[in-house]
Every structure is written in C-alpha cells, then in structure tokens.
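Visitor: Protein chains in written order, with the numbering used here: chain A, 19 to 489; chain B, 19 to 489. The C-beta atom is built at its ideal place from N, Cα and C for all residues, glycine as well. The structure presented is a predicted model; accordingly, all values stated were derived computationally and were not measured. Here you go, one structure.
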C-alpha cells in the first residue's frame with residue numbers, strides 16, 4: 019500500500035507515486051489504476067475521481083492525470099461517460115451477490131407465516147412523509163438519540179394506541195425499537211438483570227424470539243397450555259414465573275382470543291406474584307368479523323409491557339417496533355436500548371411519526387383490511403370444499419389461521435407430503451414446548467394470490483385424501 | 019372497555035354501544051367521544067374516522083354518526099376541517115414531551131466530541147436516493163432480511179472500502195449494523211461465545227462501547243499504553259489477550275497514527291496468538307495534511323475485523339454502520355445480528371447503497387473536508403495565540419484534537435473552571451484505564467462555528483492564565 023510513500027489522498031490511495039527516479043508520473047498512475055482494475059479492486063462501473071481532484075490529491079499537474087486517463091481509455095480499461103467523468107470499463111461485473119443459504123428449489127406455494135403483502139406497501143405516501151421530514155426536521159434530530167426514541171414518534175404512537183388499541187400510554191413510557199425481536203430481547207435482558215428467573219410462555223408459541231433469548235439470558239422457560247380461547251388460566255394459576263409473554267388478542271399460532279374474565283385472571287396472577295405480563299400485540303390491526311379486542315395493557319399499565327411493530331401492517335423490512343413499559347422499568351429498558359445500538363434510526367422514526375399523525379397509517383389499514391379479509395374468506399371456502407378433513411380455527415383476526423388435523427393423521431407426514439407437492443406449510447407441533455396436543459397446519463395467507471390460496475389448499479386436500487383414502 | 023359488548027371496530031374502540039334500551043345511539047356515540055376527549059385519550063388535533071367508515075364499523079346508519087359529530091362540533095369538542103374531516107378541537111396540547119435528563123443550563127460553547135456538523139447533512143441528495151429506491155426496489159426487499167444485510171449495500175461498501183480505504187473486502191464478509199456500538203457488541207458477543215477471555219484496548223480509549231460491553235460479556239479488559247504514534251507495540255508484545263480494539267489511523271483520543279512498522283508488529287502479535295484485531299476506523303475519511311492511511315484490514319483480512327460507520331461522515335442519527343469480518347467469523351456475526359434485531363432497516367440500506375454508488379458520498383466528503391480543515395486550522399491558531407500553554411497533538415486527521423496540559427496544571431481543575439465559564443471540554447484522564455499519564459483536553463471542533471471556536475479557546479486561555487498567573 020501507498021501509505022507513507024505517496025502524497026496521494028482518499029480516492030488516490032491505490033496510486034503509489036515514487037518521485038525519486040523511476041517511471042514518469044503519468045506512467046506510474048496508469049500502472050496503479052491498471053493493476054487495481056486487473057486485481058478487481060476497481061470494479062467495472064466505478065467512477066474515477068475528476069482529473070482536477072486527483073491531480074490535487076497527488077500533488078501533480080492536471081495534465082499528468084489527463085494523460086494517464088487517456089492512455090487507459092485507449093487501452094480499454096477506462097471509458098469516458100456523458101457528464102464528463104471517467105469510469106472503469108472492464109473487469110468483473112458488479113453482480114448482486116447471492117443470498118446465503120438460498121433454497122435450491124423454493125416451494126411453488128408458500129403458506130409460511132410472517133410474510134406481509136409488501137406489494138401493497140404505500141410507497142407514495144411514505145415518500146411524501148420522507149419529503150416532509152427532510153424539509154422540516156431540525157438539524158439536531160440527526161444527532162445521537164435518546165434511548166426512548168424521537169419524542170414526535172412516541173407522542174404519535176401514544177395517541178394511536180390510546181385511540182385504536184384502547185391502551186393507556188404515556189409517551190414517556192414508550193421506547194422505540196427495531197422490531198419485536200429487539201424489543202423482547204431488551205425486556206428479557208432487563209428482567210434477567212433485575213433478578214427474574216423464570217419466563218412463562220404460551221404453549222404452543224413462537225420459538226424464535228422470547229424462548230431462545232430467555233434461555234441465553236439464563237432464565238428457565240416454562241410453557242402454559244393454550245385452549246380454544248387462548249392461555250388456560252387454570253394452568254397459569256399453578257405456574258411459578260416472574261414474567262409471561264402473552265398474545266391475548268389473537269393467540270399465536272392457534273388464534274384464540276382471551277375472554278374478559280381470563281384477562282382479569284391473568285392480571286390478578288401477575289399482581290399477586292409481582293410478575294410482568296409482556297403483551298405481544300402482533301396483528302391486532304387486522305380483525306374481520308367482530309369487535310376489536312383492546313390491549314390488555316389498557317387494563318393494567320403498571321403490570322404490562324406492550325409490544326407492537328409495523329412488520330405486519332407495513333413491512334418487516336422497516337424494522338420499526340415499539341414498547342410501552344411500566345414506569346418502574348422504562349429507564350432500564352431505554353438504557354439497554356442505548357447499550358444495544360444507541361437508538362433506532364432517526365429519520366425512520368420521524369417519517370413514521372408523520373405517517374401516523376397525518377392519518378396515512380389508518381388509511382393504509384382501511385385499504386388492506388378488505389384485501390386480507392377476502393383472502394381469508396377464500397381460504398376458508400377452499401378448506402371447506404377441498405380439504406374438509408381440516409378444522410379451521412382462530413379465523414377472526416390476523417394474517418394466518420390454524421387448521422386442525424383429524425387425530426389419525428400425523429402432522430409431520432402431512433407437512434412432508436405437501437412439501438413434495440411444492441406446498442410449504444408449517445405444523446403446529448414444532449412450536450409446542452410439551453409434546454402433547456393435536457396436530458394442525460398453520461396457513462399464512464396474507465402474501466399469497468387468490469389463485470395460489472385455492473391451488474395450495476387443493477394440493478393439500480389431495481395429500482390428505484391419499485393419506486386417508488377411506489374418507 | 020368496549021371489548022365484547024359493542025360491534026365497533028378499530029377506530030371505534032372507545033365507543034361502547036348498547037342496543038337494548040338506554041340512550042339513543044347518537045347520544046351514546048356523543049357521550050363516548052366526549053368522555054374520551056375529556057380523559058385525554060383523544061387529543062387535540064386527532065382526526066376522527068369519516069362518518070361513513072365509523073357508521074359501518076359500528077353497524078349504525080351514517081346519519082347517527084353525523085348527528086353525533088354535529089352535536090360535538092356545536093359543543094366545541096370537535097371541529098370540521100377543510101378536506102371534509104373532523105378532528106378533536108380541545109384538550110391537552112400534543113406537546114413534544116421533554117427529553118429526559120436535559121441539562122438545566124447547557125454550556126455556551128461545547129467542545130464535546132462526536133457531534134458531526136449535521137447542519138451540512140446532504141438532505142437533497144439523500145432524498146434523491148430515497149426517491150429512486152422507493153421507485154425501483156423490488157417488493158421482496160421490504161421483507162425480512164438476511165443477517166448480513168442488503169446485497170446492494172454490501173457490494174457498494176466493498177467497492178468503496180477497497181477503493182478509498184485500501185481494504186480487501188469481499189461483499190460476503192460484510193455485515194451491516196446499526197452503527198459502531200452495535201457492531202462492537204456483536205463481535206465481542208461472538209468472541210466471548212467462542213471462548214475469548216481477555217480483550218485488549220488502547221489506554222486511553224473510548225469508555226462507552228467496547229469496554230463496558232466486554233465486561234458485561236464476562237471478558238476481562240486490559241489496557242495497552244499509547245504513545246505519540248498510537249499503541250505501543252513493545253507493551254502489546256507483553257499483553258495476553260484474545261482480541262485487540264485498535265484505532266490505527268487516528269488513535270482516539272490522542273490522535274497518533276500507527277507507523278507501518280508498528281502495524282506489521284501488531285499483526286504479527288495477532289497471528290502468533292490467534293488473536294483478532296478489531297479496527298475501529300471511525301474518522302479516516304477526514305485527513306488534512308498528509309497521505310491517507312490505509313486500513314490495516316487490507317494487510318490481513320483474515321485477522322482483522324474492520325468497523326466503520328456513517329456517524330462521522332453523514333449523521334449519527336442514521337445509525338448506519340458496517341463490519342468486514344474474517345471468513346471464519348462472519349456467519350456467527352450475521353447470526354448474532356439476526357438474534358439482536360433481525361437485521362438493519364431495509365430502506366436505509368438501499369438508500370445508502372444508492373448514495374454510495376452514485377458518487378454522492380464522495381461528493382459530500384469533498385465538500386465537508388475543507389470546512390472541517392478550516393475549523394481545525396482556526397482552532398490551532400486560537401490555541402497558539404490564546405492558550406499557548408497547551409500543546410496540540412493528533413491534528414492530521416479527524417474531527418477533534420488533544421491539547422496536552424503542562425505538568426503543573428491539574429486537568430480536572432481546568433475542566434471544572436472552563437465549565438464555570440460556560441465552556442464544555444473533556445479531559446483525557448477519564449478515558450484512561452491506568453491513572454498514569456499527562457493531562458490533556460479533547461477539543462471536538464466539527465460542529466462548532468468559527469467564532470465559537472475562537473471564543474471558547476479564549477475563555478480556556480483565561481482559565482489557564484488564572485490558574486497559573488506567573489506564566
């Protein structure tokens with residue numbers, strides 16, 4: 019490298035000028051650029067610095083650089099482009115590198131959960147919010163942040179959650195995070211640091227966030243069985259834990275909705291034990307047939323940590339999430355956020371705040387709800403017509419449902435046979451902590467076309483007919 | 019709450035309709051909204067749903083909702099706005115909540131480090147990149163992400179670092195993170211998980227990232243003294259550690275530049291021990307007087323983790339950082355990133371990739387370099403003229419310099435006396451692991467106006483004159 023011998027600077031780092039004897043300066047510049055292109059360090063399409071800038075950086079006259087560029091253009095290494103700049107003409111293509119571990123043969127129809135319909139992402143409205151933020155945001159909003167997040171977004175979310183989710187939110191209790199996964203990791207870290215030993219989770223429940231994070235933090239994880247109406251409070255009563263992760267509005271994955279009586283019982287359990295309830299409100303915005311279920315946080319803001327995100331409503335790629343934390347924990351959670359990454363990106367927060375306060379978020383949800391409802395209705399019809407052995411449940415809300423298998427059909431066998439037909443569908447069993455419980459299939463329908471839904475269910479119906487031809 | 023008794027939906031959650039007897043429906047709607055406004059749940063400026071939408075949600079005729087709204091407008095609770103919507107007219111103002119722990123009386127002139135000049139953030143160019151990304155990005159870019167980050171950005175960064183920093187970067191070895199703090203936390207977590215026990219850091223060095231993270235991960239932290247030219251390799255030779263955090267291009271805070279011989283010695287130390295060098299390349303883009311110093315990563319890509327960010331070049335609020343990780347560690351670091359937060363925000367990554375590949379980043383640096391150089395030159399002149407007792411060092415690069423105190427002046431006394439005059443300046447001593455070493459002041463100059471620089475130094479000069487009147 020040229021570190022100490024050349025007087026080149028930033029863009030000229032690859033050029034190793036030796037002034038005492040040796041080749042002419044323009045030859046040295048040519049040679050360095052040529053070698054950089056050959057070795058792949060300068061890739062095709064890379065713009066070279068303007069001759070004037072490079073000459074100044076190298077401390078040579080501009081003519082020297084012009085001569086070097088011209089030679090390399092003549093040799094085909096460089097090319098002159100409109101606009102007066104020069105770029106690398108040959109070498110390896112700047113191909114987009116392959117994603118690691120891409121499946122060799124993706125399924126033709128994927129009922130996998132968690133894939134929002136990002137083809138409906140409100141790009142124009144989002145751009146309008148960005149334009150306003152870039153025009154209006156004070157400079158200091160670009161500096162380091164508080165652990166809680168931007169005050170504009172905390173206020174907008176408090177207003178939204180109080181209005182739409184029946185929550186009881188003080189903006190000072192909101193902590194902005196990069197999605198639910200980070201949020202649950204921060205909370206569990208804080209609880210573990212303050213002496214928590216056992217985390218209760220629903221059984222079945224998601225296996226890729228709270229459970230591994232708790233295990234890594236040294237907490238033991240205990241499952242509480244779930245019935246048709248969400249967590250079974252009789253079983254919870256017998257559970258010894260310092261915190262409980264709960265999906266009261268739409269149990270994941272089985273879809274049950276916790277009754278008013280059970281909610282009160284959960285909160286009594288928490289109060290009696292001094293335990294914290296972590297409410298994962300992952301898809302409450304989509305509710306199709308009945309009254310919306312308010313957040314349990316609104317009933318007991320001092321016992322409940324509320325967690326939400328834009329992953330299901332807008333796009334997972336935004337990595338926008340939020341926690342509402344009881345007063346006694348919020349400083350610790352904000353401090354943990356600072357330690358983790360110094361706060362979430364500023365512009366994204368301001369854009370989402372603008373998007374919320376201007377009613378764009380409500381508008382987007384109003385637009386998406388009938389789209390998802392229609393897909394759900396199609397799925398239910400297809401299940402009834404093409405796979406009548408399956409018994410759908412948890413259909414009132416969200417972006418997925420569970421269809422229970424008859425007891426004599428083995429879940430893993432069905433899932434494997436469907437995969438051989440090109441249909442990806444998850445079973446419920448892998449999400450159980452105990453091995454007991456009926457088999458079922460999880461149908462995520464939010465990102466599938468209507469024809470894919472019908473075709474996929476028909477293929478699964480054929481699988482079921484083959485596995486149980488007598489039915 | 020209205021959970022089970024009403025047939026209202028999302029925005030209508032606050033409205034508790036009872037159909038069997040009781041008040042007329044429009045009276046019930048009025049009462050619910052009035053109560054929500056009084057209690058602060060609906061804040062001034064909050065838009066109400068369109069009458070048609072609310073009526074559909076509640077299962078009442080539109081006239082009922084219109085009547086309720088009209089009554090509340092008449093009473094002054096609501097107001098009709100142009101555009102045909104109705105919003106809350108009274109109640110508590112949606113004030114921006116106060117930032118926690120704001121200093122009661124901020125310093126008049128703040129030489130604090132790490133505050134980029136965000137008033138020069140390239141808002142227009144950034145918006146152009148956003149517009150292109152929102153127009154062109156394929157839908158799947160909005161979904162969940164790989165732990166490494168967007169392929170477009172990893173390629174653009176590899177090209178940039180190879181071209182400008184003399185690095186040797188394969189895009190598959192890049193992991194996008196939310197700034198340096200998250201990057202160092204991920205690396206230290208991976209190293210701790212693979213058996214590392216001791217982390218070496220420069221002494222003095224930053225006290226708010228690697229050191230607390232390592233301690234929290236159970237590593238012991240050992241300081242290696244720093245001389246005028248960066249880390250002292252004679253001391254490093256005697257150091258037993260599994261990893262070393264290094265600022266070779268511009269030691270933080272003392273400003274030394276590691277010589278070619280010392281770089282080779284550091285790498286020999288690492289190879290001999292199987293240790294990892296973590297290169298914190300925090301401000302290399304700003305170099306004023308001499309050749310740029312290439313990244314040490316380019317010399318030994320299999321032993322060095324390179325860490326960079328956009329915090330000093332663009333804005334800390336972006337939370338954009340990157341790691342270049344040796345092949346044997348990159349999968350583990352990417353997995354740790356997924357566990358931490360499922361990947362950095364997608365749009366931000368695509369925007370920065372566009373910004374880099376179109377040469378906007380180079381253009382921004384070319385614009386900023388003379389601005390910062392002029393501030394540095396002014397600072398040096400002011401120090402010479404107004405505070406000649408101080409001896410500046412580390413002036414060749416970056417956004418700060420250290421000015422050493424004469425041995426008979428106590429650093430803490432000077433810092434406190436400056437603060438009483440309204441000048442914030444940090445001492446070097448708080449950043450030392452050992453107590454030994456001369457006293458000095460850290461002057462961050464990147465975010466100060468030219469007059470503030472001159473006035474601030476003059477005030478410090480007065481402080482020094484008072485503390486040592488004989489000089």
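If contact means a Cβ-Cβ distance below 7 angstroms, which residues of the stretch 150-165 of chain B contact chain A?
Guide: Residues passing the 7 angstroms Cβ filter: 152, 157, 159, 160, 161, 162, 163, 164.
Visitor: Note down the Cα distance separating residue 118(A) from residue 410(A), rounded to an integer number of angstroms.
Guide: Here the model assigns residue 118(A) a pLDDT of 45, short of 50, so the residue's position is not dependable and the matter cannot be decided.
Visitor: How close, in whole Å, do the beta carbons of residue 340(B) and residue 326(B) come, if the pair is a contact with beta carbons under 8 angstroms?
Guide: Between residue 326(B) and residue 340(B) the Cβ distance is about 5 angstroms, and since that is below 8 angstroms, they are a contact.
Visitor: Do you know how far the Cα of residue 165(A) is from the Cα of residue 158(A)?
Guide: Answer to the nearest angstrom: the Cα atoms are 15 angstroms apart.
Visitor: Could you run through the stretch 64-76 of chain A and flag, in chain order, every residue whose CB is less than 8 angstroms away from some CB of chain B?
Guide: Within the stretch 64-76 of chain A, the residues whose Cβ lies closer than 8 angstroms to some Cβ of chain B are 64, 65, 67, 71, listed in chain order.
Visitor: Does any CB atom of chain A fall closer than 7 angstroms to the CB of residue 219(B)?
Guide: No, no contact with chain A.
Visitor: Can you list, in chain order, the residues of its chain whose CB lies under 6 angstroms from that of residue 470(B), leaving out five sequence neighbours each side?
Guide: For residue 470(B), where only same-chain residues beyond five positions count, the Cβ hits under 6 angstroms are 127.
Visitor: Express the C-alpha separation of residue 366(A) and residue 204(A) in angstroms, rounding to a whole number.
Guide: Distance between the alpha carbons of residue 204(A) and residue 366(A): 20 angstroms.
Visitor: Answer yes or no: do residue 318(B) and residue 285(B) have a C-beta to C-beta separation smaller than 7 angstroms?
Guide: A contact, by the Cβ cut-off of 7 angstroms.
Visitor: Hey, is the stretch 166-174 of chain B in contact with the stretch 326-336 of chain B, meaning 3+ C-beta pairs nearer than 8 angstroms?
Guide: The stretch 166-174 of chain B, when compared against the stretch 326-336 of chain B, does not touch it at the 8 angstroms Cβ threshold.
Visitor: Identify the residues that DSSP records as bridge partners of residue 326(A): which are they?
Guide: According to DSSP, residue 326(A) bridges with 340(A).
Visitor: With H, G and I counted as helix, E and B as strand and the rest as coil, what does DSSP make of residue 483(A)?
Guide: Correct three-state label for residue 483(A): helix.
Visitor: Looking at C-beta atoms only, is the number of pairs between the stretch 143-155 of chain A and the stretch 366-379 of chain A that lie closer than 8 angstroms three or more?
Guide: With the cut-off at 8 angstroms, the stretch 143-155 of chain A and the stretch 366-379 of chain A touch.
Visitor: Would you be able to state if there are at least three C-beta pairs under 8 angstroms between the stretch 421-431 of chain B and the stretch 452-466 of chain B?
Guide: Flag = yes, the stretch 452-466 of chain B and the stretch 421-431 of chain B touch.
Visitor: If you reduce the DSSP assignment to three classes, tell me which class residue 197(A) lands in.
Guide: Here residue 197(A) sits in coil by DSSP.
Visitor: In chain order, what residues of the same chain lie with their CB nearer than 7 angstroms to the CB of residue 391(A), ignoring the 5 residues before and after it?
Guide: Only 306 meet the Cβ criterion.
Visitor: Does the distance from the C-beta atom of residue 251(B) to that of residue 280(B) stay below 7 angstroms?
Guide: Yes, Cβ-Cβ distance for residue 251(B) and residue 280(B) is below 7 angstroms.
Visitor: Looking only at C-alpha atoms, which of 70(B), 104(B), 88(B) sits nearest to residue 62(B)?
Guide: Nearest of 70(B), 104(B), 88(B) to residue 62(B), Cα basis: 104(B).
Visitor: Select from the stretch 133-147 of chain B all residues with a C-beta closer than 7 angstroms to any C-beta belonging to chain A, and list them in chain order.
Guide: Correct list: 133, 136, 137, 139, 141, 144, 145.
Visitor: Taking residue 260(B) as the reference, give the member of 217(B), 271(B), 267(B) with the closest Cα.
Guide: With distances taken between Cα atoms, residue 260(B) lies closest to 217(B).
Visitor: By the 8 angstroms beta-carbon criterion, what residues does the stretch 200-219 of chain B contribute toward chain A?
Guide: Under the 8 angstroms Cβ criterion, the stretch 200-219 of chain B contributes 200, 203.
Visitor: Can you tell me where the alpha helix (DSSP H) with residue 399(B) in it begins and where it stops?
Guide: 378-404 is the extent of the alpha helix (DSSP H) around residue 399(B).
Visitor: Counting only C-beta atoms, is residue 336(B) closer than 7 angstroms to chain A at any point?
Guide: Closer than 7 angstroms to some Cβ of chain A, the Cβ of residue 336(B) qualifies, so yes.
Visitor: Measure from the alpha carbon of residue 90(A) to the alpha carbon of each residue in 70(A), 47(A), 74(A), 68(A), then state which is nearest.
Guide: Answer by Cα proximity: 47(A).
Visitor: In whole angstroms, what separates the C-alpha of residue 184(B) from that of residue 266(A)?
Guide: One C-alpha to the other measures close to 54 angstroms.
Visitor: So residue 324(B) packs on residue 416(B), CB below 8 angstroms; how close in whole Å?
Guide: Not a contact, Cβ separation roughly 17 angstroms.
Visitor: Whole angstroms is fine: what's the gap from residue 313(A)'s alpha carbon to residue 378(A)'s?
Guide: Cα to Cα, the separation comes out at about 22 angstroms.
Visitor: Output, in sequence order along the chain, the residues in the stretch 389-403 of chain B whose CB is closer than 9 angstroms to any CB in chain D.
Guide: No chain D is part of this structure, whose protein chains are labelled A and B.
Visitor: With H, G and I counted as helix, E and B as strand and the rest as coil, what does DSSP make of residue 491(A)?
Guide: Because chain A here runs from 19 to 489, residue 491(A) falls outside it and cannot be looked at.
Visitor: Could you tell me which residues DSSP pairs with residue 409(B) in its beta bridges?
Guide: Residue 409(B) is bridged to 422(B).
Visitor: Assess, as a yes-or-no matter, whether the stretch 172-189 of chain A is touched by the stretch 389-406 of chain A under the definition of 3 or more beta carbon pairs within less than 8 angstroms.
Guide: Too few Cβ pairs lie closer than 8 angstroms, so no.
Visitor: Return no unless some Cβ of chain B is closer than 7 angstroms to the Cβ of residue 359(A).
Guide: Interface residue, yes.
Visitor: Verify whether the separation of the beta carbon atoms of residue 221(B) and residue 408(B) is less than 7 angstroms.
Guide: Not in contact: residue 221(B) and residue 408(B) (Cβ atoms no closer than 7 angstroms).
Visitor: In or out: residue 484(B) buried (at least 16 other Cβ within 10 Å) or exposed?
Guide: So residue 484(B) ends up on the exposed side.
Visitor: What residues from chain B crowd round residue 362(A), counting only those whose CB sits closer than 8 angstroms?
Guide: Result: 196, 337.
Visitor: Mind pulling the alpha helix (DSSP H) runs of 4 or more residues that sit fully within the stretch 247-315 of chain B?
Guide: Fully enclosed alpha helix (DSSP H) runs of 4 or longer: 251-255, 278-291.
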